[in-house]
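To start, the structure itself, in structure tokens.
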Amino acid sequence: MATFRLVVRRLLSSTPLLFLVSALTFVLVSLVPGDPARTIVGQHATVEQYETVRRQLGLDEPLPVQYWHWLVRVFHGDLGTSLFSGEPVTSVLNNRLPVSLSLITAGTIVSGVLGVLLGLLSARRGGLLVKAVDVLALVGLAVPAFWFALVLIAVGAVRLRWFPVTGYVPLADDPVEWGRSLVLPVLSLSLSAVAIIAKQTRDSVLDTFGRDFIRVMQANGFSRRSILYRHVLRNAALPLVTVLGVVLVSLLAAAVFVETVFAMPGLGSLTQQATVQHDIPVIQGAVLYITILVVLVNLLVDLAYSRLDPRVRAA
Numbered sequence: 020m021a022t023f024r025l026v027v028r029r030l031l032s033s034t035p036l037l038f039l040v041s042a043l044t045f046v047l048v049s050l051v052p053g054d055p056a057r058t059i060v061g062q063h064a065t066v067e068q069y070e071t072v073r074r075q076l077g078l079d080e081p082l083p084v085q086y087w088h089w090l091v092r093v094f095h096g097d098l099g100t101s102l103f104s105g106e107p108v109t110s111v112l113n114n115r116l117p118v119s120l121s122l123i124t125a126g127t128i129v130s131g132v133l134g135v136l137l138g139l140l141s142a143r144r145g146g147l148l149v150k151a152v153d154v155l156a157l158v159g160l161a162v163p164a165f166w167f168a169l170v171l172i173a174v175g176a177v178r179l180r181w182f183p184v185t186g187y188v189p190l191a192d193d194p195v196e197w198g199r200s201l202v203l204p205v206l207s208l209s210l211s212a213v214a215i216i217a218k219q220t221r222d223s224v225l226d227t228f229g230r231d232f233i234r235v236m237q238a239n240g241f242s243r244r245s246i247l248y249r250h251v252l253r254n255a256a257l258p259l260v261t262v263l264g265v266v267l268v269s270l271l272a273a274a275v276f277v278e279t280v281f282a283m284p285g286l287g288s289l290t291q292q293a294t295v296q297h298d299i300p301v302i303q304g305a306v307l308y309i310t311i312l313v314v315l316v317n318l319l320v321d322l323a324y325s326r327l328d329p330r331v332r333a334a
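Numbering follows my numbering, in which position 206 of the sequence shown is assigned residue number 225; successive positions increment by one, without gaps.
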């Protein structure tokens with residue numbers, strides 16, 4: 020029951036965020052240079068043709084009125100239609116969503132597993148491994164994901180020819196090719212995340228080992244392995260869960276560039292294309308989907324916190 024109340028409370032508190040993000044997106048998109056009506060009719064169209072298209076698209080109305088009409092449609096489950104393709108925005112986004120979810124989910128798993136393992140090893144063994152984790156964290160934060168993606172393409176796809184250069188194969192079509200099409204994008208997406216998680220894991224484990232109750236257990240003869248896996252990891256998991264949530268949100272942002280570099284038909288590349296075309300309904304729908312994903316990530320973090328820390332459940 021407490022978990023259900025937590026979910027309801029978090030979802031209700033996130034509702035104003037959805038309104039705020041959608042309104043800001045509408046305003047910011049309107050400030051981007053470009054006119055979709057002019058793009059559709061071409062540069063040699065007459066004024067009458069241009070005005071007719073603007074009126075059909077609703078672009079002749081004031082910006083607050085356009086936003087209100089969009090908001091009303093959203094409450095009826097309609098995100099509108101693309102200004103260029105004429106397809107329903109919901110269909111376009113749903114076709115692209117599995118690609119982004121595959122990329123982000125795989126990136127999160129790889130980042131979490133490699134980061135935690137590397138952090139545990141550096142915490143247990145110390146020495147050069149600690150310095151290696153610090154260097155990896157510095158490189159991961161300094162190197163942009165799209166630059167690392169280009170390096171991976173040059174080495175893994177062009178020189179070695181182990182993986183495809185670009186594109187995406189659906190899981191239902193060919194599971195093996197689906198995995199191969201994700202390897203390079205996931206690696207490029209995970210570099211900085213692995214570094215951040217590894218450093219946070221190492222620091223959290225070392226901090227927990229320095230607490231009094233751990234010293235008492237060591238004095239009573241408990242093995243270091245038993246203390247690590249039964250007690251230290253549980254206490255170190257709290258800050259690690261927070262970092263994982265932040266990393267997952269950052270992967271959503273980095274996926275825009277990675278999908279563009281690897282020509283993957285996901286939400287990120289769709290948003291970039293729609294921004295260039297000034298396709299407002301598609302941009303609004305894509306941002307709404309991404310915001311909902313961020314809200315769900317924060318909800319999962321809160322649920323993990325309440326599971327790991329009884330004080331959160333009591334609060």
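Even glycine gets a Cβ: it sits at the ideal position worked out from N, Cα and C.
A quick note: this is a predicted structure, and the numbers were derived from the prediction, not measured.
Extent of the continuous alpha helix (DSSP H) to which residue i belongs
i	result
residue 181	Where residue 181 is concerned, there is no enclosing alpha helix (DSSP H), given that its DSSP letter is neither H nor E.
residue 290	286-296
residue 107	Run containing residue 107: none; DSSP gives neither H nor E here.
residue 60	55-60
residue 258	252-280
residue 165	164-171
residue 211	194-228
residue 160	147-161
residue 80	Taken as a continuous stretch (DSSP letters only), residue 80 belongs to no alpha helix (DSSP H), as it is neither H nor E.
residue 236	231-238
Cβ pair residue i, residue j closer than 9 Å
i	j	result
residue 42	residue 138	no
residue 101	residue 91	no
residue 213	residue 252	no
residue 25	residue 56	no
residue 210	residue 159	yes
residue 58	residue 296	yes
residue 264	residue 301	no
residue 281	residue 194	no
residue 283	residue 174	no
residue 303	residue 98	yes
residue 172	residue 184	yes
residue 152	residue 74	no
residue 228	residue 156	no
residue 215	residue 266	yes
residue 276	residue 176	no
residue 254	residue 230	yes
residue 33	residue 319	no
residue 308	residue 112	yes
Inter-residue spacing [alpha-carbon to alpha-carbon] between residue i and residue j
i	j	result
residue 190	residue 182	16 Å
residue 269	residue 278	14 Å
residue 48	residue 299	7 Å
residue 201	residue 122	7 Å
residue 126	residue 62	43 Å
residue 110	residue 130	31 Å
residue 38	residue 271	20 Å
residue 162	residue 60	42 Å
residue 324	residue 27	16 Å
residue 311	residue 293	19 Å
residue 274	residue 326	29 Å
residue 232	residue 30	37 Å
residue 50	residue 149	47 Å
residue 36	residue 94	16 Å
residue 258	residue 322	14 Å
residue 207	residue 168	5 Å
residue 115	residue 128	21 Å
residue 104	residue 247	56 Å
residue 166	residue 64	41 Å
residue 262	residue 287	22 Å
residue 226	residue 124	29 Å
Residues bridged to residue i [DSSP beta-bridge criterion]
i	result
residue 100	107
Beta-carbon contacts of residue i that lie in its chain and below 6 Å, excluding the five residues immediately before and after
i	result
residue 133	213
residue 86	45
residue 170	none
residue 313	268
residue 192	none
Same chain, Cβ closer than 7 Å to residue i, neighbours up to 5 away in sequence not counted
i	result
residue 197	188, 189, 190
residue 53	297
residue 106	100
Cut-off 8 Å between Cβ atoms - residues of its own chain near residue i, not counting five sequence neighbours on either side
i	result
residue 306	40, 41, 44, 290
residue 88	77, 80
residue 186	200, 281, 282, 283
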